[in-house]
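Chemist:
Residue numbers (the numbering used here): 101 to 187.
1) Thinking residue 105 and residue 118 are a contact (beta carbons under 8 Å), I'd like their distance in whole angstroms, please.
2) Quick one: what does DSSP say residue 123 is sitting in, helix, strand or coil?
3) On the premise that residue 171 lies in contact with residue 108, defined as a C-beta separation below 8 Å, what is that separation, rounded to the nearest angstrom?
4) Would a check of beta-carbon distances place residue 125 closer than 8 Å to chain B?
5) Could you compute how far the alpha carbon of residue 102 sits from the alpha carbon of residue 135?
6) In chain order, what residues of the same chain lie with their CB nearer than 8 Å to the CB of residue 139, ignoring the 5 residues before and after it?
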């Protein structure tokens, strides 16, 4: 499946969250990652993030798409991140 991950975490945990997410997904821009991921790896990523974030302060949102066949991506302004997995 294709996943877009967006996070808003306390500054103390940003580096840890980014490092963990980059093990599974591609960095797009500040607090946003995307990429193809298996169900098993998505579950593993979620379990690992639960150990890092604080539920009372932090937020991580997963947008899961079963297919990217009918989607497109448009960038306005400065392009950040890589082109590895474009929707």
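Think of the CB as a built atom: it goes at the ideal place given N, C-alpha and C, for glycine as much as any other residue.
Keep in mind it's a predicted model, so treat the numbers as computed, not measured.
Modeler: Quick look at the numbers:
1) Contact check for residue 105 and residue 118: beta-carbon distance about 10 Å, past the 8 Å limit, so the pair fails to qualify.
2) Coil at residue 123, not helix or strand.
3) A Cβ-Cβ distance of about 23 Å is found for the pair residue 108 and residue 171, leaving them out of contact under the 8 Å criterion.
4) The displayed structure is made up of one protein chain only, and chain B is not part of it.
5) Using only the alpha carbons, I get a separation of about 5 Å.
6) 101.
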